Amino acid sequence: MLFRKKRYQDERVTAEQNRIYREIYLLIYVICFLSIVYKFIMNGEISLNLVGTEMLIVLVSGIYYAIRSAKLGLFSAEVEIHDQKNKWSYQSKTIFSGIGIGVLLGIIFGVNSAYQYADSQMQAYYYFFLVFIVTLIIYMPILLLLMLGSYSAAKKKSDKVIEKQLEE
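Per my numbering, the sequence shown starts with residue 1162, numbered consecutively.
Encoded structure:
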């Protein structure tokens, strides 16, 4: 390494490469999502056996990005840039995302219960609202803790990395 020439790269080339990588990342997400939708339409259900690979790709890539951006100190910068440009803070969007996912799960579970188990229309309404409320009670706190906990941990780790970089 001592006698090696330093290779300099044009910033424009690096920026274009990063843009292409982002497009590939988005394309993979879209392909996984379309595969899940296709399998749901063809089989009438979404089971882990059918869409396990797609879900694994989506989850692992998201978790990997979150960990890497926190360890490199990028997460704090992303949050700061986001908060300056947008009316809603990143943290409040995280909270509302958790609430939205909880409500969406409640609706999906409620409709599923009403559709599969109800014998009459009145019973369908009862099952829907019962399952919807119970789902909110169970999943909402879990989702909020999970999302806010991961946000706080990533922000704290990213802030420490930035602080360490500034000290050096």
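C-beta atoms are modelled at their ideal positions from N, C-alpha and C, and glycine is treated no differently.
Since this is a predicted model, take the numbers as computed values, not measurements.
Query: May I have the straight-line CA-CA distance separating M1283 from A1176, to the nearest angstrom?; Result: 59 Å
Query: Exposed or buried, K1318, counting other C-beta atoms within 10 Å across all chains shown (16 or more means buried)?; Result: buried
Query: Give me the Cβ distance between S1258 and M1308, rounded to the nearest whole Å; I'm assuming they're in contact under 8 Å.; Result: 6 Å
Query: Could you check what DSSP says for Y1126 in three-state terms: helix, strand or coil?; Result: Absent from the model: residue 1126. The displayed extent of the chain is 1162 to 1329, so no value can be given.
Query: Between the Cα of L1233 and the Cα atoms of E1328, E1329, V1272 and I1323, which residue gives the shortest distance?; Result: I1323
Query: Note the first and the last residue of the continuous alpha helix (DSSP H) segment covering A1323.; Result: A quick correction: the sequence has Ile, not Ala, at residue 1323. Q1282 to E1328 is the span of the alpha helix (DSSP H), which, as asked, contains I1323.
Query: Using only CA atoms, which one of I1298, E1239, W1249 and K1246 lies nearest to F1270?; Result: I1298
Query: Measure how close the beta-carbons of I1268 and F1293 come, nearest whole angstrom, since I'm counting them as under 8 Å.; Result: 7 Å
Query: Let me confirm a value: F1289 is counted as buried when at least 16 other C-beta atoms fall within 10 Å, else exposed. Which label applies?; Result: buried
Query: Rounded to whole angstroms, what's the CA-CA distance from I1303 to K1321? Just pull it up for me.; Result: 27 Å
Query: Measure from the alpha carbon of V1219 to the alpha carbon of each residue in S1196, E1329, N1179 and L1266, then state which is nearest.; Result: S1196
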